[in-house]
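Peer 1:
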Amino acid sequence: MRHLLAIRHLENDQIQAILDRAADFKKNRPEPAKNPRTIGLLFFENSTRTRVSFEQAAHGLGHRVVNFSGAGSSLSKGETLRDTILTLRHEGLEALVMRHSASGSAQLATQFFGNPVINAGDGEHEHPTQALGDALTILERKGQIKGLRVAIVGDVLHSRVARSNAWLLSKFGAEVRFIGPRTLMPSHTAKLPAKTFFDLRAGLEGADVVMCLRLQKERMQDGLLGSISEYTGGYQVNRAALKAAAPDFMVMHPGPLNRGVELDDATADGPASAILEQITNSVFVRMAVLDWAFEENRV
Ligand code: NCD
Numbered sequence: 018m019r020h021l022l023a024i025r026h027l028e029n030d031q032i033q034a035i036l037d038r039a040a041d042f043k044k045n046r047p048e049p050a051k052n053p054r055t056i057g058l059l060f061f062e063n064s065t066r067t068r069v070s071f072e073q074a075a076h077g078l079g080h081r082v083v084n085f086s087g088a089g090s091s092l093s094k095g096e097t098l099r100d101t102i103l104t105l106r107h108e109g110l111e112a113l114v115m116r117h118s119a120s121g122s123a124q125l126a127t128q129f130f131g132n133p134v135i136n137a138g139d140g141e142h143e144h145p146t147q148a149l150g151d152a153l154t155i156l157e158r159k160g161q162i163k164g165l166r167v168a169i170v171g172d173v174l175h176s177r178v179a180r181s182n183a184w185l186l187s188k189f190g191a192e193v194r195f196i197g198p199r200t201l202m203p204s205h206t207a208k209l210p211a212k213t214f215f216d217l218r219a220g221l222e223g224a225d226v227v228m229c230l231r232l233q234k235e236r237m238q239d240g241l242l243g244s245i246s247e248y249t250g251g252y253q254v255n256r257a258a259l260k261a262a263a264p265d266f267m268v269m270h271p272g273p274l275n276r277g278v279e280l281d282d283a284t285a286d287g288p289a290s291a292i293l294e295q296i297t298n299s300v301f302v303r304m305a306v307l308d309w310a311f312e313e314n315r316v
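Counting with our numbering, you get residues 18 to 316 for the letters of the sequence shown.
If you want it as structure tokens, here you go:
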């Protein structure tokens, strides 16, 4: 068995093995598991697409799921995360898919759970299955990742999606660029595998892939942005801004979208948009990740 906590520490051949398996599951639907497992979906933050796609993935493989949300759990009665995890382990859960607002929470869960833990987003740290689904989507449209210029635009500061994607895409030879206002850029971008741009047009120059990020209003302390319209004026991905991109650019967004903020409707719904493909592919990569997590270590 294995955990999936972050892209950063995975080897390229492990990532490739998951992507190959996801592509295979998409083509030839998987056989139901010989050994069905019970998988806990433990979500302490709001989620629609990630939770539903993990549930679809688990069902697609013939596993059972048990759902919890932070608000309805014993944590709201003062229980520690450690005790919640120990309880779930002793109730017989065989894997845990976890989303939590604290960076490092999935890693913490591995110390007490004893079975595979899959990080479905931990604070501002990583969201590995999002990056894997995005990689599959890019591969389907572009054929390869190596040599692509990928511009990741917006609220990089709060984005685990930006971090996981930067690690994955740079490991596979893409040039990754972060674009956003100074107040929404981490102070330590030098430690992340991306170049930083504060000007949208300069950052989008020649971009093959333009990945928008959601403005994470729930994580934002007051004052990081003057106003939403100030952000939109400087950083909205729209037809005018995309003139700087490569002729056959594609547009992505992990969702949920703030339409008219991060990107305009014409871009979100136009032919260059791969947003719906990202959602479909996320189910197949999550199947592949569950399968990989349960198997004996090979790659
Ligand atoms: C992202 C998340 O929660 O990290 N959404 C997702 O999983 N598709 C991005 C976001 O909430 O902005």
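From the three backbone atoms N, C-alpha and C, an ideal C-beta is built for every residue, glycine too.
So, helix, strand or coil for Ile-56, using DSSP?
Peer 2: Ile-56 falls in the strand class under three-state DSSP.
Peer 1: My output table needs one value for Ile-196: the three-state DSSP class, helix, strand or coil.
Peer 2: Note: Ile-196 maps to strand in three-state DSSP.
Peer 1: Would Ala-261 pass as a contact of Arg-218 if the rule is Cβ separation under 8 Å?
Peer 2: Closer than 8 Å, so yes.
Peer 1: In this structure, what does DSSP give as the bridge partners for Val-82?
Peer 2: Answer is Ile-56.
Peer 1: Which runs of the beta strand (DSSP E), 3 residues or longer, sit entirely within the segment 249-294?
Peer 2: Within the segment 249-294, the complete beta strand (DSSP E) runs of at least 3 residues are 267-269.
Peer 1: If distances are taken between C-alpha atoms only, which option among Thr-146, His-144, Leu-103, Ala-148 comes closest to Ala-126?
Peer 2: Comparing Cα positions, the closest option is Leu-103.
Peer 1: How far does the alpha helix (DSSP H) with Val-178 in it extend, from its first residue to its last?
Peer 2: Here the alpha helix (DSSP H) through Val-178 covers 177-188.
Peer 1: Can you grab the Cα-Cα spacing for the pair Arg-180 / His-142, in whole Å?
Peer 2: Those two C-alpha atoms are separated by around 7 Å.
Peer 1: Can you round the beta-carbon distance between Gly-150 and Gln-33 to whole angstroms, since I take them to be within the 8 Å contact cut?
Peer 2: Rounded, the Cβ-Cβ distance is 15 Å, inconsistent with contact.
Peer 1: Please tell me whether Ala-88 has its Cβ less than 8 Å away from any Cβ of chain B.
Peer 2: Within the model displayed, chain B is absent; a lone protein chain is all it includes.
Peer 1: Under a three-way DSSP split, which group does Val-173 fall into?
Peer 2: Coil, per DSSP.
Peer 1: What does the Cβ neighbour count give for Gln-253, buried or exposed, with the cut at 16 atoms within 10 Å?
Peer 2: Label assigned to Gln-253: buried.
Peer 1: Given this structure, state the Cα-to-Cα distance separating Thr-101 from Ile-56, to the nearest angstrom.
Peer 2: When rounded, the distance between both Cα atoms is 15 Å.
Peer 1: Is Ser-246 buried or exposed, if buried means 16 or more other CB atoms sit within 10 Å of its CB?
Peer 2: Burial call: exposed.
Peer 1: Which whole-angstrom value describes the C-beta separation of Ala-152 and Val-167, a residue pair presumed to lie in contact below a C-beta threshold of 8 Å?
Peer 2: Contact doesn't hold; Cβ gap of about 10 Å is too wide.
Peer 1: Would you call Glu-111 buried or exposed, if buried means 16 or more other Cβ atoms sit within 10 Å of its Cβ?
Peer 2: Buried, by the Cβ-count rule.
Peer 1: Thr-67: beta carbon under 7 Å from a heavy atom of the ligand NCD?
Peer 2: Answer for Thr-67: yes, Cβ within range of the ligand NCD.
Peer 1: Once you ignore the five residues that flank Arg-99 on each side, which residues in its own chain have a CB closer than 6 Å to its CB?
Peer 2: Here the set comprises Phe-129.
Peer 1: Please name the residue in Ala-50, Arg-66, Gln-147 whose C-alpha comes closest to that of Arg-81.
Peer 2: Here the closest residue by C-alpha is Ala-50.
Peer 1: Helix, strand or coil for Met-304? Go by DSSP, reduced to three states.
Peer 2: Reduced to three states, the DSSP call for Met-304 is helix.
Peer 1: Would you mind sorting Thr-146 into buried or exposed? The rule is 16 or more other CB atoms within 10 Å of its CB.
Peer 2: Answer is buried; the Cβ neighbour count reaches 16.
Peer 1: Between Ala-310 and the rest of its own chain, which residues show a CB-CB distance below 8 Å, the 5 nearest in sequence each way excluded?
Peer 2: Excluding positions up to five away in sequence, the list reads Met-18, Arg-19, His-20, Leu-21, Ala-112, Pro-133, Ile-135.
Peer 1: Is it the case that the Cβ atoms of Asp-172 and Leu-209 are separated by a distance below 8 Å?
Peer 2: No, the pair does not count as a contact, with Cβ atoms beyond the cut-off.
Peer 1: Can you find the residues in the same chain that come closer than 7 Å, C-beta to C-beta, to Ala-305, ignoring five residues on each side of it along the sequence?
Peer 2: Excluding sequence neighbours, Ala-305 sits near Ile-35, Arg-38, Ala-39, Phe-42.
Peer 1: Report the option in Asn-275, Phe-189, Gly-251, Gln-73 whose CA atom is closest to the CA atom of Gln-31.
Peer 2: Among Asn-275, Phe-189, Gly-251, Gln-73, the Cα nearest to that of Gln-31 belongs to Phe-189.
Peer 1: In terms of residues, what are the limits of the alpha helix (DSSP H) holding Ile-155?
Peer 2: 145-159 is the extent of the alpha helix (DSSP H) around Ile-155.
Peer 1: Exposed or buried, Gly-287, counting other C-beta atoms within 10 Å across all chains shown (16 or more means buried)?
Peer 2: Per the 10 Å Cβ criterion, exposed.
Peer 1: Given the structure, does Ala-271 come close to the ligand NCD, in the sense that its CB is under 7 Å from one of the ligand's heavy atoms?
Peer 2: Per the sequence shown, residue 271 should be read as Pro rather than Ala. Correct: Pro-271 has its Cβ closer than 7 Å to the ligand NCD.
Peer 1: Grab me the residues of Leu-242's own chain with a C-beta within less than 6 Å of its C-beta, minus the 5 sequence neighbours each way, in chain order.
Peer 2: Contacts found: Tyr-248.
Peer 1: What's the gap between the Cα of Val-227 and the Cα of Arg-194?
Peer 2: If I take the Cα positions, the gap works out to 10 Å.
Peer 1: Determine the closest residue to Val-302 out of Asn-63, Gln-73, Ser-64, with distance taken between C-alpha atoms.
Peer 2: Nearest option by C-alpha distance: Gln-73.
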